[in-house]
Amino acid sequence: HIDCPDCPELHGLDRFVARKKAGQMLEERGLLIKVEEYDNNVGFSERAHVPIEPRISMQWFLKYPCVKEAADAVANGDIKFRPERWAKTYAHWMENLQDWCISRQLWWGHQIPVWYRKEMAAELQARESLDATSAGADLHVGIEPPADEENWVRDGDVLDTWFSSWLWPFATMTGSDGERSATVEKFYPTTDLVTGPDIIFFWVARMIIAGFRWEDRLPFRNVFFTSIIRDKQGRKLSKSLGNSPDPLDLIDKFGADGVRFGLMRIAPAGTDVRYDEDQIVEGRNFANKLWNAVRFRQMQGAAEADKGPLSLFAIDILAKLEALEADMDEALKEYRFNDAGNLLYQFFWNEYCDWYLESAKGDFAPEADPAAKAATLWTMDTVLRRFLLQLHPYMPHITEELWEKMGFRAEGGPEFLMQTTLDNSLVMHDIPAETIAAAQAKVAAIYGAVGRARNLKAEYGLAANRGVKFIIDPEASEQGQIDESTVFGRLAGAGDVTVVTGYDPGKGVPVALTAIGKIYMPLEGLIDVAAERERLTKELGKAEDELRKVNAKLSNENFVSRAAPEIVAEHRERQGQWKARVEELGRMIENLGGA
């Protein structure tokens, strides 16, 4: 409210009301020259929900020390920012540094260590500029109060929150007497600082300055900037907006590991991300997948110490495990934690569970070769042991429990998984590289053929679990005749798989060309051929209409020359897609045979 007793018309009014009243008074006195609309960006408090307006007030300022040392530390690479692009933001702040307003008018905080002699307090606090030199003996600055404290008045302001925060790297390890401790000697400077890019100046830059000022060296060697999580509208999550989910509620719903892994996978370093609960659901589902995979392994009994001869599929998954470890090592060295999380997800869910486990299930049948079962169990244990070690930082609770359930703790070794290190030895050090390459090529061919066989079923509206008959003609195979037709059939959901070299399918049998040969799927007894031909013909007509539309657009020179390049590129992409669809439908109709 306005505090102006000399102007009773305005005294005591709210500032917004007073402004309008002042305008009326000026107009009544003939002093108002012109009125015009003016658009202005007015700050708005998220906490108080009122406009933020400037107000002149008396404050304490600090001149930054060691600015050059702090700027050079990042510029010359002594301190590395990850991602590196944030170094430009840091440099901008350091090049445009102004004195730090360290005083705050709050009820809480560290009170500013300044005392005024009582009889001079009012005069000193009213001065526009004040320092220890000009105030002389009437001002006391120090951690300890004056000896005759009863004759002094302490400044009522408190220090900016960041004023204590910038001392964090060393003050937390320094004794109350200010003496350096063994802890400081051991942990200062530290290796990594993890923080958000929105406080590069408020905290990171100031900690670096403080490190050079009081420790005469940098406080840390690497700064990792996390993502800033925002809501679906792009707003920063905050209590004041009420758009931030309670982590404890999420943990109750999805588990601590599910929340942790779900968030880590979507959060590239130093990049804003939009929060969606579906991402946390994926983390929970991954935990369930891991648990079920370990339970499946436990159901198969104990493994032998000797791995014995490995199958093609075992060699393939172990080679992919070695590749995962190499990729993980590279990603973690570069602080790409979300990439590392996605590598773990992709390997375990897709490569191990979807492909390897499904291919290996035949080794647990009653009639299976005991040696094949032993090799498969050894492979599963090797993958699970090394995978749990790599996943542990992301999902510490479930991995620790599964480590114990699997009995992976070595005799005389560390008690917990978190204390165990992943050895650097290669899993397949005793298998020639050419053998590994050949096995992986053949497995890739089989998996690729499985995908094409599944597509054949889908093209004709057949359920994935429909036990159809497949005939493989290996005559044109890149891999020669395969001996793994049983595995192929199980993965493709086939009721029967027959290998026939030089097979003559006759007319109307769908075929897929693959690296293991031609795969035929006789339709007899599977579909109503006439109804399927009618359905495909209608779909072909629609696809041809869409292709004609996009062709007409791209044939129009005005459209191609005037439309935005990305729009033209989008139409060309659609043209290719519709052309491929027309060709595919034509082939499918031809495969049905007849008129």
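Going left to right, the sequence shown walks through residues -3 to 591 as the working numbering numbers them.
For glycine and all other residues, C-beta sits at the position ideal for the given N, C-alpha and C.
All of these numbers come straight from a predicted model, not from anything done at the bench.
Legend entry - Residue nearest to Gln101 in terms of C-alpha spacing, selected from Thr482, Thr157, Ile224 and Ala143: Thr157
Legend entry - Closest by C-alpha distance to Ala319, when choosing among Ile468, Asp302, Phe343 and Arg150: Comparing Cα positions, the closest option is Phe343.
Legend entry - Range of the contiguous beta strand (DSSP E) that encloses His136: Leu135 to Val137
Inset, instruction - Sort out for me which residues DSSP pairs Pro47 with in a bridge. - result: Phe40
Legend entry - Given Lys453 as reference, the closest of Gly489, Ala429, Val423 and Ile512 once Cα atoms are compared: Gly489
Legend entry - For Leu163 and His106, the rounded distance between their alpha carbons: 13 Å
Inset, instruction - Following the continuous beta strand (DSSP E) through Gly152, name the residue where it begins and the one where it ends. - result: Looking at the DSSP string, Gly152 is not in any beta strand (DSSP E), and its letter there is neither H nor E.
Legend entry - Between the CA atoms of Ile432 and Thr383 - distance to the nearest angstrom: Strictly speaking, residue 383 in this sequence is Phe, with Thr absent from that position. Spanning the two alpha carbons is a distance of roughly 20 Å.
Inset, instruction - Kindly indicate which three-state DSSP category Pro510 falls into: helix, strand or coil? - result: Here residue 510 is Thr; the residue named in the question, Pro, does not match the sequence. Correct three-state label for Thr510: strand.
Legend entry - Cβ-Cβ distance between Asp272 and Lys235 below 8 Å: no
Inset, instruction - State the start and end residues of the unbroken beta strand (DSSP E) segment that holds Asp492. - result: Ala490 to Val495
Legend entry - Boundaries (first-last residue) of the beta strand (DSSP E) holding Asp469: That run of the beta strand (DSSP E) goes Val464 to Asp469.
Legend entry - When Met90, Glu42 and Lys503 are compared against Val525, the one with the closest alpha-carbon: Lys503
Inset, instruction - Note the first and the last residue of the continuous beta strand (DSSP E) segment covering Leu189. - result: Per DSSP, Leu189 belongs to the beta strand (DSSP E) from Thr186 to Thr191.
Inset, instruction - Grab me the residues of Ser355's own chain with a C-beta within less than 7 Å of its C-beta, minus the 5 sequence neighbours each way, in chain order. - result: Phe309, Val483 and Leu487
Legend entry - Gln296 in three-state terms, based on DSSP: coil
Inset, instruction - Please go through the same chain and pick out, in chain order, the residues whose beta-carbon is closer than 8 Å to the beta-carbon of Ala201, but skip the five residues on each side of it. - result: Ala66, Tyr86, Trp89 and Met90
Inset, instruction - For the alpha helix (DSSP H) holding Trp89, just list the boundary residues, first then last. - result: Trp82 to Glu91
Inset, instruction - Work out the CA separation of Phe12 and Pro1 for me, nearest whole Å. - result: 18 Å
Inset, instruction - Work out the CA separation of Pro47 and Ala322 for me, nearest whole Å. - result: 54 Å
Inset, instruction - Counting only the same chain and skipping the five closest in sequence on each side, list residues whose C-beta sits under 6 Å from that of Ile262. - result: Val269 and Gln275
Inset, instruction - Specify, as a first and last residue, the run of the alpha helix (DSSP H) that Val546 falls within. - result: Val525 to Ser551
Legend entry - Cβ pair count under 8 Å reaching 3, the region 278 to 290 against the region 250 to 266: yes
Legend entry - the region 103 to 117 / the region 65 to 84 touching (three or more Cβ pairs under 8 Å): no
Legend entry - First through last residue of the beta strand (DSSP E) which encompasses Trp111: Val110 to Arg113
Inset, instruction - Give the straight-line distance between the Cα atoms of Asp426 and Glu471, rounded to the nearest whole angstrom. - result: 34 Å
Legend entry - Buried/exposed call for Ala336, threshold 16 Cβ in 10 Å: buried
Legend entry - CA-to-CA distance, Asp302 to Leu189, given in whole angstroms: 45 Å
Legend entry - Cβ neighbour criterion (16 or more within 10 Å) applied to Pro362: exposed
Inset, instruction - May I have the straight-line CA-CA distance separating Ser240 from Gln20, to the nearest angstrom? - result: 45 Å
Inset, instruction - Confirm, please, whether the CB-CB distance from Gly513 to Asp469 is below 8 Å. - result: yes
Inset, instruction - Kindly indicate which three-state DSSP category Ile204 falls into: helix, strand or coil? - result: helix
Legend entry - Selected residue, minimal CA-CA separation from Met391, among Asp253, Pro264 and Arg209: Asp253
Inset, instruction - Can you tell me which of Thr510, Ser99 and Lys538 puts its alpha carbon nearest to the alpha carbon of Leu581? - result: Among Thr510, Ser99 and Lys538, the Cα nearest to that of Leu581 belongs to Lys538.
Inset, instruction - Output the boundary residues of the alpha helix (DSSP H) element that contains Phe383. - result: Pro366 to Leu387
Inset, instruction - Taking only the alpha-carbon atoms, compute the straight-line gap between Leu596 and Arg113 and give it to the nearest angstrom. - result: Lying outside -3 to 591, the shown extent of the chain, residue 596 is not represented and no answer is given.
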